[in-house]
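Residue numbers (mature numbering (1 follows the signal peptide of the UniProt record, and there is no 0)): -20 to -1, 1 to 108.
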């Protein structure tokens, strides 16, 4: 009986350890259309876009998603930054002044949230 209990406990321990090792696997990559729709929906929810603004912003997001999809892993940091700035300028041209303020706040909040995620040796991490 004792051997059975020890064997069962050992089996459960090994099984639990093996289950802990399985990762999430490779996620399926979203299409540019799916990414553009998700980004637009997020901005629509946060900024209360009009239908005309929503259409324009979807077109901007779709163009960016398609452009970045082709450059994934190939573009350098400066090129990505330049593209992001151009995209943001297009986006801001569609928004009214209240929406621009809200967008800037969302962007600042997101930046603050992600700033704490940098590794200890990251050059952009602030010293405490």
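Idealized CB from N, CA, C, for every residue including glycine. Since the model is a prediction, treat every value here as computed from it, not as a measurement.
Would a C-beta distance cut-off of 8 Å place residue i and residue j closer than the cut-off?
i, j, result
"residue 72", "residue 37", "no"
"residue 27", "residue 64", "no"
"residue 20", "residue 34", "yes"
On the three-state DSSP scale, how would you describe residue i?
i, result
"residue 9", "coil"
"residue 19", "helix"
"residue -20", "coil"
"residue 26", "helix"
What residue does the alpha helix (DSSP H) around residue i start on, and which one ends it?
i, result
"residue 71", "57 to 74"
If contact is defined by three or more beta carbon pairs under 8 Å, each pair taking one atom from either stretch, is the stretch 14 to 26 in contact with the stretch 38 to 49?
Yes, the stretch 38 to 49 touches the stretch 14 to 26.
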